[in-house]
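Notes follow the structure.
Numbering (UniProt numbering), first residue to last: 1 to 122.
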């Protein structure tokens, strides 16, 4: 079996953790100022890493175009509830719930606090 656990660099780990927990209903299981693991049940859905910590070359500085070429894509069971969470967070919603002709699914798009582009799909 192969599994992926995406790690993104963020300016403020606790703030980003709260954003994703409130948006997706996931749980933080690591905690701390420099690293967080977010889970849904027993599945890791995203890890958050503070910019410039631990000398990872691709996470040294946000000025290096970190989010270019990356989309965080989440599938959820209750799309309307997650969209409502986004509204309550006053998140920067790019496009509300709409039907995507390519995926044949409903989805919405938004930006997280570190300007990562997110698609949330059913």
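By construction, the Cβ of each residue, glycine as well, lies at the ideal position given by its N, Cα and C atoms.
- prompt: By DSSP, does residue 53 sit in helix, in strand, or in coil?
  reply: helix
query: When the distance is taken between beta carbons, is residue 22 closer than 8 Å to residue 85?
result: yes
- prompt: So, do the stretch 84-101 and the stretch 44-61 have three or more beta carbon pairs nearer to each other than 8 Å?
  reply: no
task: Pull up the DSSP beta-bridge partners for residue 110, would you.
output: 93, 118
Where residue 70 falls, given that 16 or more other Cβ within 10 Å makes a residue buried: By the neighbour-count rule (16 or more Cβ atoms within 10 Å), residue 70 is not buried but exposed.
message: Here's the rule: buried if 16 or more other CB atoms are within 10 angstroms of the residue's CB, otherwise exposed. What is residue 118?
response: buried
- prompt: Helix, strand or coil: which one does DSSP assign to residue 16?
  reply: helix
field: Beta-carbon separation (whole angstroms), residue 6 vs residue 47, contact threshold 8 Å
entry: 7 Å
query: Any idea which residues DSSP pairs residue 39 with across the strands?
result: According to DSSP, which records beta bridges pairwise, residue 39 is partnered with 27, 44.
Beta-carbon contacts of residue 40 that lie in its chain and below 6 Å, excluding the five residues immediately before and after: 26
query: Beta carbon of residue 108: closer than 7 Å to some heavy atom of the ligand PLP?
result: The ligand PLP is not part of this structure, which contains no ligands at all.
- prompt: Quick one: what does DSSP say residue 127 is sitting in, helix, strand or coil?
  reply: The requested residue 127 is not part of the displayed model; the chain covers only 1 to 122.
- prompt: Just checking my contact of residue 106 with residue 79 at CB under 8 Å: how many whole Å lie between their CB atoms?
  reply: 6 Å
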